[in-house]
Each structure stands twice: as C-alpha cells, then as structure tokens.
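Residue numbers (UniProt numbering): 1 to 445.
All C-beta atoms in this analysis are idealised placements derived from N, C-alpha and C, irrespective of residue type, glycine included.
In structure tokens, the structure reads:
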C-alpha cells in the first residue's frame, strides 16, 4: 500500500498531496492491519450485513407477539419468553466477544448469523410452547451487532470511532425501517410463521457474505499478539478471570453502571411495548410495522448525521449529560401519552437520548481497554443490556398490572432526573471524563 502512495506522488501534479495521501493510507493500514481498499470493502460488507441482520430481526420481532397470541400464550408466559431470551444473551455476550478476540471476527459472525437462522427457523416451526422457548436458545450466540462493532472498532482510529459506530447504527436503522414493514405485510397476507422463515433465509444469505468478504482477523498486529499469547500460555474463551479483569477498570465500571441505570426504565417499557400497543392503543400488526419503521427512521437519522457532528464538537461527559436530559424529557411525555400520535412524538427524545448514550459509551469503552480485548469489552457492554432484559418483562408485567401504563413514564422520569442531578454535582463523573480525555491525549501524542 505504501507503493500505491508513492505512485500517486510521482504521477500527481502535487508531490505534497501524494505524500499526504501516502501518510493517510499508512495511518489506515496501521490502525486496522488492512490496506485501505480492502478496509473499505470490509466496511461496506459489514454495513450490508448489519442492515440485513436488523431487517431479519425486526421481521420476526414484529411477528412474535402476534404469533404468541395466536398460539394462546398469555402476557405472563410471554414475559417468561422474553426473559429466557435475555438470560441466554446475557450468558453469551461476553463469551462471544472473547471468542472474536481469540479466533477472529469472521468466525464470530458466522456463528452469530448461524444462530440467528436456527432461532428464526425454530420460531417458524413453532406450533406450541416448547418450540417457542427452544427458538430462544440459539440467541446465546446471536450477537451479530456486537460482531460488527468489533470489526468497526478494529479498523477505525480512536478519534473517529464514535462516528464510525454511529454510522453502523445507521445501517441497523435501515433494517428497523424495512423489517417491521416486511414483517407486517408478510404476516397480513401469509402468516407469522412465514415472517420467521423469511428472516431465516436472510440470515443464511449473510453467512455467505461473511465467508466471502470478511477477513479472518481484522485486528492490527494479530500475528504478533498470537505469538506472545502462545509464549505466555494458551488462552480460553471461558477464561472468566480475563473477562472479569476488565470490570476492574474504573472508567469501564462507571460507564457500564450508568448504562445499566439509564437502560433499566427503557428496557422495562420496551418489554411491554407490544402488549401496550395492542391493548391500550389498539395497534394491529400492519400499523405496528409502520410505527417500528418510524422509530427506525428516527434512529437512522440520528445515527447517521447527529452522532458524528456532536462527537466532533463536544466531549463524552457533556454528551452523556445531554442524553440523560433527553431521556428525562421523553419519559415526561410518555407518562401523559394516551393516543397513538403521542407515541410518535415521545419516541423522538427517547431515540436521541438512547443513540447518543449507546454510541458514546460503546466508543469510550473500547478506548480504555487493550486492543486485543475490545471484543470482550463490547460483550460486557451488551451484557448490561441483557441484564436489564432479564428482569424487565417480570417488572414490566407487574407495573402494567398494578400501576398502569403511566407508571413507565414516571419511573423513567424519576430515575433520569436523579441521575442528571448526580452527574452535575458528582466529582466521580468529572474524574471519569478527565481520565478519558487524558488517555486520549496520551495516545495521540
């Protein structure tokens, strides 16, 4: 790739421009271990696969509540089904990340898409409770978004990482728009099972794309790292000490705690959203598809445009505060929502807050750990979401049954108000921000 830069310098009208291009290409190569041309192809295929993954996930996610209702599953058992999914994902996230760190992102993504295809296939065959619950078990390895984040982290420099991860969310948002719409139409004209089979077919296509276009490893200096690991002894995917060690990093522990606190009210609301949409707002499968597509479009715009602009102008600490403020406002609106169009308004601040928080925290977490542990760290970050989803259906069901729909907005408003006050006056938050900025400055120098 250096030769390409030299040729451009010799043939171009300006030698300094050619040298600048060569320097930029060498920078990209050293950051990712891949030539810039291959890096662009890998990024393109990663975004395509995530768009397909999101499409397939939301096809079946939109059909799932209606399939369970069709099979006679009551809200309590539906909550157990959601909890099963969350527990399985909680166990698999960190191990999946560790697997990717040790054996490469291509192998990890093949596992993830294979698990997705198996899960959707079992869901399509479900005619009773047994297969419904069995269809949740392959989600132990169904971490395609995490795998894509691992690739983007490996091949992007730290200064542009938040923007790169945000654009990955843009591709996911495309799937959130297309998936619910397709799922709603297939369910309307065929059946819920056909929606699941369509999602399975899309996942199988993604496996082929990963094998053909994603390199076995995307980490820079992987071979050198492997040789050092061989000298120090064999590494294991199930090395719990190596995984837990990352939690002893103060900045990482703080960010994961913030993510869990903020995510809990949102997770509780999301776990009951399908039930609320059907029972309180009388939203059917087709209209639910339109609503989910609208949420996906809002998420896509924020990911593709907003995050990149904000992260280049403001530091992580300030952006986190803004995210909490947006959540607080969104939950206040949610508490008073009583007609369908209120939901369309409410999701805007919730989407903005969630997008900023998730992108900034994910990006910062990968900066405070060694490069060969970024996948594991992303897995721990995903695990925090799984912890929330584990208890959310049960808590959400109790809140809906005993306190009513407005309680979801009240809970979120109270939690985020208290957290925003803490961030404003806490020295801990200021120290975390200072530590991240100091580490970034040290790496740049």
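Quick one: measure Cβ to Cβ for residue 187 and residue 285, integer angstroms, because I've assumed they're closer than 8 angstroms. 5 angstroms
Below 8 angstroms, how does it come out for the stretch 287-298 and the stretch 389-409: are there three or more Cβ pairs, yes or no? no
Measure the beta-carbon distance from residue 151 to residue 46 and round it to whole angstroms, keeping in mind my assumption that it falls under 8 angstroms. 5 angstroms
Tell me where the alpha helix (DSSP H) around residue 410 begins and ends. 406-425
CB residue 375 to CB residue 181, shorter than 9 angstroms? no
Should the stretch 372-388 be called in touch with the stretch 87-96, which here means at least 3 C-beta pairs below 8 angstroms? yes
Between which two residues does the alpha helix (DSSP H) containing residue 326 stretch? 316-336
Distance check for residue 179 and residue 204, CA to CA, integer angstroms please. 16 angstroms
Rounded Cβ spacing between residue 310 and residue 319 (contact assumed at less than 8 angstroms): 6 angstroms
What are the boundary residues of the alpha helix (DSSP H) that includes residue 313? 307-313
Does the Cβ-Cβ distance between residue 168 and residue 145 come in under 9 angstroms? yes
Residues in the same chain with beta-carbon distance under 8 angstroms from residue 420, minus the five sequence neighbours each way, listed in chain order, please. 321, 324, 325 and 328
Can you round the beta-carbon distance between residue 42 and residue 213 to whole angstroms, since I take them to be within the 8 angstroms contact cut? 7 angstroms
Per-residue DSSP class, three states only, for residue 142: coil
Just reading off the alpha helix (DSSP H) that residue 69 is part of, what are its end residues? 36-70
Cβ-based burial, residue 189 [other Cβ within 10 Å; buried from 16]: exposed
If you reduce the DSSP assignment to three classes, tell me which class residue 136 lands in. coil
Measure the beta-carbon distance from residue 300 to residue 177 and round it to whole angstroms, keeping in mind my assumption that it falls under 8 angstroms. 7 angstroms
Helix, strand or coil: which one does DSSP assign to residue 370? coil
Roughly how many angstroms separate the alpha carbons of residue 26 and residue 116, rounded to a whole number? Residue confidence for residue 26 is low, a pLDDT of 48 falling below 50, so the modelled location carries little weight; the figure read from the coordinates is stated next. Their Cα atoms are separated by approximately 37 angstroms.
Let me confirm a value: residue 36 is counted as buried when at least 16 other C-beta atoms fall within 10 Å, else exposed. Which label applies? buried
Using the beta-carbon count (16 or more within 10 Å), is residue 426 buried or exposed? exposed
Contacting residues, own chain, Cβ-Cβ under 8 angstroms from residue 194 (five flanking each side not counted): 124, 186 and 187
Among the residues of its own chain, which have a CB less than 7 angstroms from the CB of residue 298, if the five just before and after it don't count? 347, 348 and 351
Just curious, the alpha helix (DSSP H) that residue 96 is in, first and last residue? 75-103
Under a three-way DSSP split, which group does residue 188 fall into? helix
Buried/exposed call for residue 250, threshold 16 Cβ in 10 Å: exposed
Hey, out of 217, 162, 172 and 414, whose CA is closest to residue 306's CA? 162
Own chain residues within Cβ distance below 7 angstroms of residue 133, not counting five before or after: 81 and 84
Determine the direct distance from the alpha carbon of residue 241 to that of residue 232, and round the result to whole angstroms. Note that residue 232 scores 43 on pLDDT, short of 50, meaning its location in the model is unreliable; the coordinates nonetheless yield the value given after this. Approximately 15 angstroms between the Cα atoms of the pair.
Assuming residue 51 and residue 155 are in contact, meaning their beta carbons sit under 8 angstroms apart, how far apart are those beta carbons, in whole angstroms? That belief does not hold up - the Cβ atoms of residue 51 and residue 155 are roughly 18 angstroms apart, past 8 angstroms.
Leaving out the 5 sequence neighbours to the left and right, which residues in its chain are closer than 6 angstroms to residue 480 when beta-carbon positions are compared? Residue coverage of the chain in this structure runs from 1 to 445, which leaves residue 480 outside it and unanswerable.
Over the uninterrupted alpha helix (DSSP H) stretch that includes residue 259, give me the two end residues. 250-279
Residue 153 classed as buried or exposed, judged by whether at least 16 other C-beta atoms fall within 10 angstroms: buried
How would you write the range of the alpha helix (DSSP H) that residue 287 sits in, first residue to last? 285-301
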